[in-house]
Amino acid sequence: MAPTLTGFVGNSRVRRVRAAAALAGVELNYDDTFTFKSEWKTEEFLKKNPFGFLPILELEDGTTLRETGAIAEYVAELGPNSTLLPSDLTEKAKVHAYQCTADQEIQIPGGIVSGQFSGNIPYNKGVQQALIDKITRRLTVLDTILLNSTFLVGERITLADIFIATAFTNIATTWFDASLRAQIPNVVRLVNTIIYHPKLAHIFTGIEFVEKLPSPPVPVKEKKAEKPKAEAAPKAPKAPKAKEVDEEEEEPLVPEEPKVKNPLDDLPKSAFNLEEWKRQYSNNDTRTGAIPWFYEKFDKDGFSIWKVDFKYNEELTMTFMSSNQIGGFFNRLEASRKYLFGSVGVLGKTNDSIITGVLILRGQEVVPVVDVAPDYESYEYKKLDLENAEDKSFFEAALAWDLVVDGKEWVDGKNFK
Ligand SMILES: N[C@@H](CCC(=O)N[C@@H](CS)C(=O)NCC(=O)O)C(=O)O
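Heads up: the sequence shown begins at 1 in full-length UniProt numbering, then just goes up one per residue.
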């Protein structure tokens, strides 16, 4: 009898084992009767896997294997002609290294990020951003490796590719959004090769990548305070504990934003019309039309101008990817559209570039405007003084997209309008 794999439907760890079996030509029975809400940790199950987690693989002789890394290797070795796990020891070690990278650097930290967004893990903005940055950096390394090679090890699909692809689907279906994905086209290409592979597509059906990073969860207290008293339901008998847990889990991944008034709306009225500026900038030549309009109308008490610099320029590679990164940052600033205009560019060339530019924003403080973007701390902000000739010329050149810094010329840019 074929070995039996037991695991949740739609679970990426299950998918990695099923994908290995499909490519190795190994038949597996697949028991998908448990869901995350099932009570599978029965005495009987714990005898098979005292750690209590799924998936497990049960062999004909009654042995139970756990840990999908080990299970996938076992399955790959079972296949008569499988090339998923090279026989050469060095190559095999390289594959194993990527399996570890997939788990340690993507799947596990990525799960913490998802858990924070869904509210299952306490939300901490700093921790979350550090994890997002770290995962993105690791994926950028993979992307560079994949620039000149189709697969991660050798010339055929190995467990390395399957593990990276399944870990990636886990984050891309929950929070690793379109703008982040645009920074790593070679990884996305590898993932697509796996998930649309004719022998694997049935395992990956129904996968949908998210377009936008979810909003952070609303603190429970705030959510409760929001409920108007009049709408409170009559007191119901207390539900059993397990039910309460279920309801908590059913909370949407992207909770509603609290309808809190933005303190920026309480600033004294300003005669400078940011929307009109955005129109002037879009419809006129920057140096001869928009900038003269700006100097005539600008209200330096109601608004301020900031130089913005990416903190990790040494990690930038291809300039088009850096440009996508600016686009991603601007997407995440969406909630501040009323208060902000930006002109930010990539200057330099591949592997020697910087991201810099200017922001025009409501008020005299930058943080209340930019902290809607979870990655705002990846940038440095310095207030510009238009009375100062150097600041003024930087400001104008960033608006006109002809800025040059230390010999690095503006190659691509984005506007936040
Ligand atoms: N390293 C293990 C992780 C297994 C794991 O964390 N399984 C999760 C589902 S993805 C689980 O069963 N969680 C419930 C629990 O641990 O109680 C593997 O790759 O098999």
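For glycine and all other residues, C-beta sits at the position ideal for the given N, C-alpha and C.
For residue i: DSSP bridge partner residues
| i | result |
| --- | --- |
| ASP285 | DSSP, once it has assigned bridges, lists no residue as partnering ASP285. |
| residue 484 | Outside the displayed span of the chain (1 to 417) sits residue 484, for which this structure offers no information. |
| LEU361 | SER304, LEU340 |
| GLU380 | ASP309 |
| LYS414 | VAL344 |
| ASN29 | THR4 |
| THR64 | GLU58 |
| LYS408 | VAL405 |
Residue burial classification, residue i (beta-carbon count within 10 angstroms, cutoff 16)
| i | result |
| --- | --- |
| SER282 | exposed |
| ASP161 | buried |
| LYS414 | buried |
| ASN11 | buried |
| VAL404 | exposed |
| PHE330 | buried |
| MET1 | exposed |
| GLU244 | Since pLDDT at GLU244 reaches only 29, below the 50 mark, its modelled position is unreliable, and no value is offered. |
| PRO263 | exposed |
| TYR312 | exposed |
| ILE108 | exposed |
| ARG287 | exposed |
| GLN116 | buried |
| GLY407 | exposed |
| ASN170 | buried |
| GLN99 | buried |
| SER384 | Note on residue identity: the sequence assigns Leu, not Ser, to residue 384. It counts as buried. |
| SER82 | buried |
| SER149 | exposed |
| ALA20 | buried |
| ARG332 | buried |
| VAL9 | exposed |
| GLU396 | buried |
| residue 419 | Since the first residue shown for the chain is 1 and the last is 417, residue 419 is missing from the structure and cannot be characterised. |
| GLY289 | exposed |
| PRO3 | buried |
| PRO374 | buried |
| LEU5 | buried |
| PHE176 | buried |
| GLN104 | exposed |
| ALA102 | buried |
Whether residue i touches residue j by CB criterion (7 Å)
| i | j | result |
| --- | --- | --- |
| ALA398 | VAL358 | yes |
| ALA76 | LEU85 | yes |
| TRP306 | TYR376 | no |
| PHE163 | ARG16 | yes |
| GLY342 | PHE272 | no |
| LYS41 | GLY25 | no |
| ASN49 | THR33 | no |
| ILE135 | ILE106 | yes |
| LEU54 | GLY7 | yes |
| VAL346 | SER353 | yes |
| VAL14 | VAL95 | no |
| LEU267 | GLY363 | yes |
| ALA22 | LEU200 | yes |
| TYR379 | LEU361 | no |
| THR356 | ASP309 | yes |
| ASP402 | THR319 | no |
| ALA172 | PHE204 | no |
| SER114 | THR174 | yes |
| ILE184 | ASP133 | no |
| GLY302 | PRO217 | no |
| LEU147 | ASN186 | yes |
Short CB-CB distance (under 7 Å) between residue i and chain B
| i | result |
| --- | --- |
| ARG189 | In summary, chain B is missing from the structure at hand, where a single protein chain is found. |
beta-carbon residue i near ligand 2 non-hydrogen atom, thresh 6 Å
| i | result |
| --- | --- |
| LEU54 | Absence of ligand 2 is noted for the structure shown, with ligand 1 being the only ligands found. |
- How do the segment 315-325 and the segment 273-293 stand: do at least 3 beta-carbon pairs fall below 8 Å, yes or no? no
- Message: With three or more beta-carbon pairs closer than 8 Å as the criterion, would you say the segment 185-197 touches the segment 163-172?
- Response: yes
- Query: On the three-pair Cβ rule with 8 Å, is the segment 176-189 touching the segment 198-215?
  - Reply: yes
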